[in-house]
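Trainee: Note that our numbering has the sequence shown beginning at 14, numbered continuously upward.
Even for Gly, the Cβ is constructed at its ideal location relative to N, Cα and C.
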Amino acid sequence: MSEKNKETKKQPDRKYLFAVLDDDTHDFRFVIRGTKHAAVFAVVGCIALICIITFCLVAFTPIKRILPGYPSYSTQREAVENAAMVDSLETRMRIMTLQLTNISRIIAGEKPFPLDSLLAKSSVGKAEASTEDAGHDADSILREKIDSIEKYSLRPSGSEPQLEGMLFFPPVKGVVTESYSPAKGHPFVDIAVQNNSAVCSVLDGTVIAAYWSDDTGYCIHIQHSNDLVSIYKHNTRLLKKVGDRVSAGTTISLAGDAGSISTGPHLHFELWHNGEPIDPSLYINF
Numbered sequence: 014m015s016e017k018n019k020e021t022k023k024q025p026d027r028k029y030l031f032a033v034l035d036d037d038t039h040d041f042r043f044v045i046r047g048t049k050h051a052a053v054f055a056v057v058g059c060i061a062l063i064c065i066i067t068f069c070l071v072a073f074t075p076i077k078r079i080l081p082g083y084p085s086y087s088t089q090r091e092a093v094e095n096a097a098m099v100d101s102l103e104t105r106m107r108i109m110t111l112q113l114t115n116i117s118r119i120i121a122g123e124k125p126f127p128l129d130s131l132l133a134k135s136s137v138g139k140a141e142a143s144t145e146d147a148g149h150d151a152d153s154i155l156r157e158k159i160d161s162i163e164k165y166s167l168r169p170s171g172s173e174p175q176l177e178g179m180l181f182f183p184p185v186k187g188v189v190t191e192s193y194s195p196a197k198g199h200p201f202v203d204i205a206v207q208n209n210s211a212v213c214s215v216l217d218g219t220v221i222a223a224y225w226s227d228d229t230g231y232c233i234h235i236q237h238s239n240d241l242v243s244i245y246k247h248n249t250r251l252l253k254k255v256g257d258r259v260s261a262g263t264t265i266s267l268a269g270d271a272g273s274i275s276t277g278p279h280l281h282f283e284l285w286h287n288g289e290p291i292d293p294s295l296y297i298n299f
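1) Suppose you measure from the CA of I297 to the CA of K124; what does that come to, to the nearest Å?
2) So what's P183 in DSSP terms, helix, strand or just coil?
3) By the three-class DSSP mapping on this structure, what secondary structure does K49 have?
4) Along the beta strand (DSSP E) that carries L284, what are the first and last residues, could you check?
5) Compare the Cα-Cα distances from D203 to each of F299, A51, I45 and G288 and report the closest residue.
6) How would you write the range of the beta strand (DSSP E) that A205 sits in, first residue to last?
7) Looking at the secondary structure, which residues open and close the beta strand (DSSP E) in which I233 lies?
8) According to DSSP, simplified to helix, strand and coil, what is E289?
9) Go to E191, then tell me how far its beta strand (DSSP E) extends in each direction, as first and last residue.
10) From the DSSP output, read off the bridge partner residues of T219.
11) The beta strand (DSSP E) spanning R250 covers which residue range?
12) Do you know whose CA, among N209, N248 and L111, lies nearest D227's CA?
13) Relative to the C-alpha of P183, which candidate in L280, T219 and A97 has its C-alpha closest?
14) Going along the chain, which residues of its own chain have a beta-carbon closer than 6 Å to the beta-carbon of M217, five neighbours each way excluded?
15) Within 10 angstroms of its Cβ, does Y193 collect 16 or more other Cβ (buried), or is it exposed?
In structure tokens:
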């Protein structure tokens, strides 16, 4: 048995014939002769050749534009245009930041930054750093000035807070029937309106209270920046709840004749700063 196995192993690989015959004449039309290993190598070679041709077509011809994931010429052009537009907008934003910084310095009684020199620095690749440094310097100086004023009480007591730079949105459209008068125990304003008139937030802020009172109906309080709080009373319905973020001009409630002490459809509006009531008519055109 061992000798037969050795003879079998020594035998050469069998050769195979792949032929295409004419059905009528039985003549050979196509003939391929080879061993099993040659057939495997031929198949692998064909697959590799197909892969190389496919790669070349995708990489070096416009065919790749029809495949998903490859940007088209119009997309590339739009990307370049958008990049240029973003750069232009960034430049404008830097200029606007410098202008706002100078306005703040002028209001604080300080000398404004020279725009030409700062913009010249930005042209050599340091625009963002220069703008940010200028803004930080201005903010630091203004903050130190405000801190010193509050520390040493340089502002006269009882003076109105400086909020002229803020833009307040009128809470309702109506007629002021009773103005702000702390001496008469009326540190707020009453505005006569039609029943169920929309009440809007005067500034961006967060609702910190929303409740019902037997005396003043539905009430809503909003916390704003700069330690400002606005209060709206005698509402017939609340449209926001505690924790909601609101923007200036957002409808927060409906004014009416709610509450036992109400004398008609109106809005009771209060504005507080640092825990003290202030006259809303100084900043809002009712």
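Mentor: So, from the listed chains and residues:
1) In the sequence shown, the residue the question calls residue 297 occupies position 284. In the sequence shown, the residue the question calls residue 124 occupies position 111. So the two alpha carbons sit approximately 30 Å from each other.
2) Against the sequence shown, residue 183 aligns to sequence position 170. Coil, per DSSP.
3) Here residue 49 is taken as the residue at index 36 of the sequence shown, counted from 1. Reduced to three states, the DSSP call for K49 is helix.
4) To locate residue 284, count along the sequence shown from 1; it is residue 271. It spans H279 to H286 - the beta strand (DSSP E) in which L284 sits, taken as one unbroken run.
5) Within the sequence shown, the letter at position 190 stands for residue 203. Answer by Cα proximity: F299.
6) Numbered from its first residue, the sequence shown carries residue 205 at position 192. Its beta strand (DSSP E) spans residues V202 to A205.
7) Here residue 233 is taken as the residue at index 220 of the sequence shown, counted from 1. First-last of the beta strand (DSSP E) with I233: G230 to H237.
8) Reading the sequence shown from its first residue, position 276 is the one you call residue 289. Looking at E289 - three-state DSSP - the assignment turns out to be strand.
9) Position 178 of the sequence shown, counting from 1, holds the residue named residue 191. Its beta strand (DSSP E) spans residues V188 to E191.
10) Here residue 219 is taken as the residue at index 206 of the sequence shown, counted from 1. In the DSSP output, where bridge partners are listed per residue, T219 has Q236 and R258.
11) Within the sequence shown, numbered from 1, the residue matching residue 250 stands at position 237. Where R250 is concerned, the enclosing beta strand (DSSP E) starts and stops at L241 to L251.
12) In the sequence shown, the residue the question calls residue 227 occupies position 214. Ranking the options by Cα distance to D227, first place goes to N248.
13) Taking the first residue of the sequence shown as position 1, residue 183 is located at position 170. Of L280, T219 and A97, the residue nearest in Cα terms is L280.
14) Taking the first residue of the sequence shown as 1, we reach residue 217 at position 204. It should be noted that the sequence gives Asp, not Met, for residue 217. Hits under 6 Å: S260 and A261.
15) Taking the sequence shown and counting its residues from 1, the one referred to as residue 193 is at position 180. Its Cβ being crowded by 16 or more others within 10 Å, Y193 is buried.
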